[in-house]
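So the structure is just underneath, and the comments pick up after that.
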Amino acid sequence: MPNEFDQEIKILVAEVAEVSVDKLDDPNVSFSDLDVDSMKALEIAAAVEKKYKIIIPEGEIPKIKNLAQVIDMVKRLKG
Amino acid sequence: MWDIEKIKTILPQREPFLFVDEVVEIDPGKRVVAKRYISPEEYFFKGHFPDKPIMPGVLIIEALAQTSILLYATIYPEIASAHPYYYLAKVKSEFILPVFPDDTLILEARNVKIISTGGIIEIEARVGERIAAKMTASFSVKKKNESQNES
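Protein chains in written order, with our numbering: chain D, 15 to 93; chain G, 6 to 156.
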């Protein structure tokens, strides 16, 4: 079961990526399988930056390949 | 701040498709404010519309997109000076007031998230103090040799 924080990011990512939340039930499902391209990955980065008051360095953005990586990145950058 | 000659070193567009006259404020990396006088002689007024000239909304979007490129250039001047290709990827726009001949558009672009290969920007067009249109847009940037490799 994902915790509340993970669930919050999941809902945010689903909204920005324009996919239904249940498509992200498996956090390791590849974004490319959900038609999340590099521009949508940038939108996801901007959305989590704004919500969690973090800065995602440019070099981290190509690493956004699935929800699990987004969650890990936010936790790491929030410290 | 930036006159039309400086702007032409950054924007690839040319008349009659150049929709920025001057840049009047720059907060590097954060915000750019530009102006464009909408002359009664603009070519598009002849058909849009013959009896009631109104600036087409798609051209307001173009003016806002060009202003976004100028904001990008404040962050990545080296890339911008090499004249890459700019691709508008997504636009969410709202048109609030019509723009008429003799209006001066004030175009303000604010950085949401810009990286070397693209960005997300919030932009609005005002006439005086009134907001005529606003949009959130995303765009990508490809160096010319990268685009050639794709074709």
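C-beta: ideal position from N, C-alpha, C; glycine also.
Computed from a predicted structure; not experimentally measured.
query                                                                                           : result
Paired residues, beta bridge with V37/G - DSSP                                                  : I31/G, A114/G
Where the beta strand (DSSP E) through S44/D begins and ends                                    : Per DSSP, S44/D belongs to no beta strand (DSSP E) and is neither H nor E.
Span separating the alpha-carbon of I101/G from that of N42/D                                   : 42 angstroms
Within chain G, the residues that E63/D reaches when beta carbons sit closer than 7 angstroms   : K118
K95/G at chain D interface by Cβ criterion, 9 angstroms                                         : yes
Boundaries of the beta strand (DSSP E) in which T122/G is found, first to last residue          : Premise fails: T122/G is in no beta strand (DSSP E) and is neither H nor E.
Any chain D beta carbon closer than 9 angstroms to T122/G                                       : yes
Coil, strand or helix - V132/G by DSSP                                                          : strand
Reference A68/G; option with closest CA among K147/G, S145/G, E129/G, S143/G                    : E129/G
Within chain D, partners of S143/G - CB distance below 8 angstroms                              : M53, L56, E57
Y77/G, enclosing alpha helix (DSSP H) - first and last residue                                  : 62–80
Straight-line Cα distance separating K24/D from L110/G                                          : 40 angstroms
Proximal chain G residues relative to E29/D, where beta-carbon distance stays under 9 angstroms : By Cβ distance, chain G contributes nothing, its closest Cβ being about 13 angstroms from E29/D, past 9 angstroms.
Test item: CB-CB of F144/G and Y91/G under 9 angstroms                                          : yes
I75/D at chain G interface by Cβ criterion, 9 angstroms                                         : yes
Bridge-paired residues (DSSP) for F145/G                                                        : According to the sequence as given, residue 145/G is Ser; it is not Phe. Answer by DSSP bridge pairing, in chain order: Y92/G, G123/G.
Distance between W7/G and V27/D (C-alpha atoms, nearest Å)                                      : 39 angstroms
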